[in-house]
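Residue numbers (the working numbering): 617 to 756.
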């Protein structure tokens with residue numbers, strides 16, 4: 617289990633990787649090493665140790681907060697998983713061969729804050745498309 621953030625684009629019903637135009641697949645897919653895919657390095661099972669390939673996740677919710685995406689979430693990671701950090705005591709996250717959202721949420725700025733209906737509709741669509749739980753949904 618790891619944590620991450622995504623961007624939200626109203627009306628799409630999908631999760632978007634932060635900082636680029638890539639949507640997260642709606643079914644689990646194996647991560648791809650773009651260097652290997654272009655033939656520079658023989659294809660290898662991802663993630664590769666000396667590469668940046670793989671699905672990313674942080675070790676805990678607090679570590680994922682600086683990602684500052686629209687939506688926070690918990691992901692399952694499996695297959696080959698590499699810990700990221702300077703040492704075993706300083707692991708900050710992971711890169712995995714497979715990852716998939718299992719829970720999503722939006723951190724509200726204060727108690728009693730109401731999400732706009734369009735955002736609630738989008739979270740429902742994302743939840744249905746990925747089969748993941750929406751945390752604190754009953755509070756909205």
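Where a beta carbon is used, it is the ideal one built from N, C-alpha and C, also for glycine.
Just so you know, these numbers come straight off a predicted model, no measurement behind them.
- Pick helix, strand or coil for residue 630, following the three-state DSSP scheme. The residue given as residue 630 occupies position 14 in the chain shown. Coil at residue 630, not helix or strand.
- Message: Which same chain residues end up closer than 6 angstroms to residue 739 when comparing Cβ atoms and leaving out the 5 residues on each side of it in sequence?
- Response: If you number the chain shown from 1, residue 739 lands on position 123. These residues qualify, in order along the chain: 750.
- Query: When you compare each of 709, 734, 752 and 627 to residue 727 by their alpha carbons, which one comes out closest?
  - Reply: Locating residue 727 in the chain shown gives position 111, counting from the first residue. Selected option, being the one with the closest Cα: 752.
- Task: Measure the CB-CB distance between residue 707 and residue 675 and report whether it falls below 9 angstroms.
- Result: Position 91 of the chain shown, counting from 1, holds the residue named residue 707. Position 59 of the chain shown, counting from 1, holds the residue named residue 675. Yes. Within cutoff.
- Item | When 634, 628 and 626 are compared against residue 688, the one with the closest alpha-carbon | Indexing the chain shown from 1 puts residue 688 at position 72. With distances taken between Cα atoms, residue 688 lies closest to 634.
- Item | Sub-9 angstroms separation of residue 709 and residue 621 beta-carbons | Walking along the chain shown from the start, residue 709 turns up at place 93. Walking along the chain shown from the start, residue 621 turns up at place 5. No, the Cβ-Cβ distance between residue 709 and residue 621 is not below 9 angstroms.
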